[in-house]
Amino acid sequence: MRLFRLFFGLLLALVLSTQFLSGVAYAASSAAIRAIDDNETINKDFSGQNLVRAEFADANFKDANFSGADLRGVVFNGTSLINANLSNANFSNGIAYLTDFSGANLSNAVFTSAMMLKSSFKNTMVTGADFSDAALDRGQVLRLCETASGTNSVTGIDTRESLGCR
Numbered sequence: 784m785r786l787f788r789l790f791f792g793l794l795l796a797l798v799l800s801t802q803f804l805s806g807v808a809y810a811a812s813s814a815a816i817r818a819i820d821d822n823e824t825i826n827k828d829f830s831g832q833n834l835v836r837a838e839f840a841d842a843n844f845k846d847a848n849f850s851g852a853d854l855r856g857v858v859f860n861g862t863s864l865i866n867a868n869l870s871n872a873n874f875s876n877g878i879a880y881l882t883d884f885s886g887a888n889l890s891n892a893v894f895t896s897a898m899m900l901k902s903s904f905k906n907t908m909v910t911g912a913d914f915s916d917a918a919l920d921r922g923q924v925l926r927l928c929e930t931a932s933g934t935n936s937v938t939g940i941d942t943r944e945s946l947g948c949r
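Position 49 (the sequence shown) corresponds to 832 in this note's numbering; numbering is contiguous.
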C-alpha cells in the first residue's frame, strides 16, 4: 500500500508538472508576437494602423509611412527607416536596435521608455517628439539636440527636456 501511494504521488506530480509547464511554455511563446519580415516588398503604408508588439527584422522601410500608427512595444531590429514618416506615431516601450532613422520625420511622435540603442538619427526631424525615459546612445542624443524643439501635443512634454538637452 505504501508503495502504491508513493507511485500514485509521483504520477500525480508528473501529470501536474506537465500541465503547468506546458501552460508556461505556451504563455511565453513568441506566437503572440506578430513578425512582419517581408511586408516591405508589398506594403510601405502603415499609417494609422495598430501594429502593437509587431516585430520587424532586417526590413527595408525606406520612405515608408507609419504616421499615426500605434507602434507600442514594436521591435525594429536592423531595420532601415530612412526618410520614413513616423509623425504622430506612438512608439512607447518599443525597441529599435541598429535601426537607421536618417532623414525620418519623428515629429510629435511618442518614444517614452523606448530602447533605441545603436540606431542612427542623421538629419532626423524631431519637432515635438517625446523621448522621456528612452534609452539612446549619447552621441545620438547630442545629434538630436542640435535641432530638437517643440512640445508633444499628446504628452505635453518639451522635446529638448525629454532628450536631456542642455
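For glycine and all other residues, C-beta sits at the position ideal for the given N, C-alpha and C.
Are residue i and residue j close, meaning C-beta to C-beta below 7 Å?
{"i": "A912", "j": "T942", "result": "yes"}
{"i": "S885", "j": "S903", "result": "yes"}
{"i": "N866", "j": "D841", "result": "no"}
{"i": "F844", "j": "L869", "result": "no"}
{"i": "T907", "j": "L925", "result": "no"}
{"i": "L927", "j": "K901", "result": "no"}
At which residues does the alpha helix (DSSP H) containing residue i begin and terminate?
{"i": "E838", "result": "E838 -> not in any alpha helix (DSSP H); beta strand (DSSP E) instead, spanning 837-840."}
{"i": "E929", "result": "Run containing E929: none; DSSP gives neither H nor E here."}
{"i": "T942", "result": "942-946"}
Could you say which of the options lies nearest to residue i if we only look at CA atoms?
{"i": "C948", "options": "S936, A837, V857, L919", "result": "L919"}
{"i": "D853", "options": "T910, L927, A892", "result": "A892"}
{"i": "T910", "options": "V858, R921, M898, G939", "result": "G939"}
{"i": "G933", "options": "M898, S945, G851", "result": "S945"}
{"i": "F894", "options": "L925, R855, F844", "result": "R855"}
{"i": "A879", "options": "Q832, S915, E838", "result": "E838"}
{"i": "V937", "options": "F874, K905, M908", "result": "F874"}
{"i": "R836", "options": "K827, F844, R926, N860", "result": "N860"}
{"i": "S871", "options": "R921, E929, F829, Q923", "result": "The sequence shown places Asn at residue 871, rather than the Ser named in the question. Out of R921, E929, F829, Q923, F829 has the C-alpha closest to the C-alpha of N871."}
Let me know the secondary structure DSSP gives residue i once reduced to three states.
{"i": "L919", "result": "strand"}
{"i": "S863", "result": "strand"}
{"i": "S903", "result": "strand"}
Return the bridge partner residues of residue i from the DSSP annotation.
{"i": "D913", "result": "V893"}
{"i": "S830", "result": "Per DSSP, none; premise fails for S830."}
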